[in-house]
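*Asks:* This is the structure, below, for whatever I ask next.
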Amino acid sequence: MPRALHLERHLVARIGWLRAAVLGANDGIVSTASLIVGVASAATGRPEILIAGAAGLVAGAMSMAAGEYVSVSSQSDTEKADLARETAELADDPEAELRELTGIYVSRGLDPALARQVAEQMTARDALGAHARDELGISEVTSARPIQAALTSALTFSVGAALPLLVAILAPLGLVPVAVSAASLLFLAVLGAVGARAGGAGMVRPTLRVMFWGALAMAITAGIGSLVGTAV
Ligand SMILES: [Zn+2]
């Protein structure tokens, strides 16, 4: 296999994973930084700020993992149901399934005779695998892995959330809102650029976009935090 094609296939598989990781970390930064800035703007002490930040990290990671597990599990359920139906169809009418597979290969550009030959050989080797991959689009790389997805999103969220929390630990108490906001915008910019680069897109617009929404989220929570702080 030519080296470029081999490298490209691997990159494609990695892009999906990298994008999910960048999105998870983005969520972690924006939600935890906003929480910390909001609580710190209510003029509270460092213990309260850190407790709120740590609780936000854990709660966010858990809800991301739960949400991801539930959504990917339902995708996995659908895949299993499709495979079970396909198995039944292969058992009920193998000739019709062979014609169907042949038709798929013809639609991809093979001559009918060659398509029939390929379909026969694929069917002889692994009928369900051939139909899963070429008819249903279910393959090893794309098949749903709920636990892996849940762990990945919880982990990336936690890494993202740990960044503003670290700044809240290290910054002078009076400067926590400003330091966390500035540092979080920087983290978002780096992640935005990495995510855009991974997707092969230009870096400026996506980076500005993620910084804008991050800044807006932190500004609104800081405003509400200081309102609540003066009211309480
Ligand atoms: Zn089929």
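Sequential numbering of the sequence shown, starting at 248, is according to the working numbering. All residues carry an ideal CB built from backbone N, CA and C; glycine is no exception.
In whole angstroms, give me the CA-to-CA distance for Ala366 and Thr325.
*Replies:* Here residue 366 corresponds to residue number 119 of the sequence shown, with the count starting at 1. Here residue 325 corresponds to residue number 78 of the sequence shown, with the count starting at 1. The alpha-carbon atoms of Ala366 and Thr325 are separated by roughly 25 angstroms.
*Asks:* By DSSP, does Ile385 sit in helix, in strand, or in coil?
*Replies:* Position 138 of the sequence shown, counted from the start, is the residue given in the question as residue 385. Coil at Ile385, not helix or strand.
*Asks:* Only counting the same chain, and skipping five residues up and downstream in sequence, which positions put a Cβ closer than 6 angstroms to that of Asp274?
*Replies:* Residue mapping note: residue 274 aligns to position 27 of the sequence shown, counting from 1. Contacts found: Phe404.
*Asks:* Assuming Ala408 contacts Thr279 (C-beta within less than 8 angstroms), just tell me the rounded distance between them.
*Replies:* Numbered from its first residue, the sequence shown carries residue 408 at position 161. Numbered from its first residue, the sequence shown carries residue 279 at position 32. That belief holds up - the Cβ atoms of Ala408 and Thr279 are roughly 4 angstroms apart, short of 8 angstroms.
*Asks:* State the start and end residues of the unbroken alpha helix (DSSP H) segment that holds Thr454.
*Replies:* Reading the sequence shown from its first residue, position 207 is the one you call residue 454. Here the alpha helix (DSSP H) through Thr454 covers Val451 to Ala478.
*Asks:* Return the first residue and the last residue of the alpha helix (DSSP H) that Asp498 is part of.
*Replies:* Coverage of the chain is limited to positions 248 through 479, which leaves residue 498 absent and any answer about it impossible.
*Asks:* Take Ser318 as the anchor and find which of Ile394, Val457, Glu382 and Ile276 has the nearest alpha-carbon.
*Replies:* In the sequence shown, counting from the first residue as 1, residue 318 sits at position 71. Closest option to Ser318, judged by alpha-carbon separation, among Ile394, Val457, Glu382 and Ile276: Ile394.
*Asks:* Give a yes or no on whether 9 angstroms exceeds the smallest Cβ distance from Val437 to chain C.
*Replies:* The structure shown contains no chain C; it holds only a single protein chain.
*Asks:* How should Val284 be labelled, buried or exposed, when 16 other C-beta atoms within 10 angstroms of its C-beta is the threshold for buried?
*Replies:* As a working note, residue 284 is residue 37 in the sequence shown. Buried, because 16 or more other Cβ atoms sit within 10 Å of the Cβ of Val284.
*Asks:* Please state whether the Cβ-Cβ distance between Ala445 and Leu270 is less than 9 angstroms.
*Replies:* Your numbering for residue 445 matches position 198 in the sequence shown. Your numbering for residue 270 matches position 23 in the sequence shown. Their beta carbons are not under 9 angstroms apart, which means Ala445 does not touch Leu270 by this criterion.
*Asks:* Have a look at Arg456, Gly442 and Ala401 and flag the residue whose alpha-carbon is nearest the alpha-carbon of Val305.
*Replies:* Numbered from 1 along the sequence shown, position 58 holds the residue referred to as residue 305. Per the Cα distances, Ala401.
*Asks:* Between which two residues does the alpha helix (DSSP H) containing Thr325 stretch?
*Replies:* Your numbering for residue 325 matches position 78 in the sequence shown. Note, Thr325: alpha helix (DSSP H), Arg293 to Asp339.
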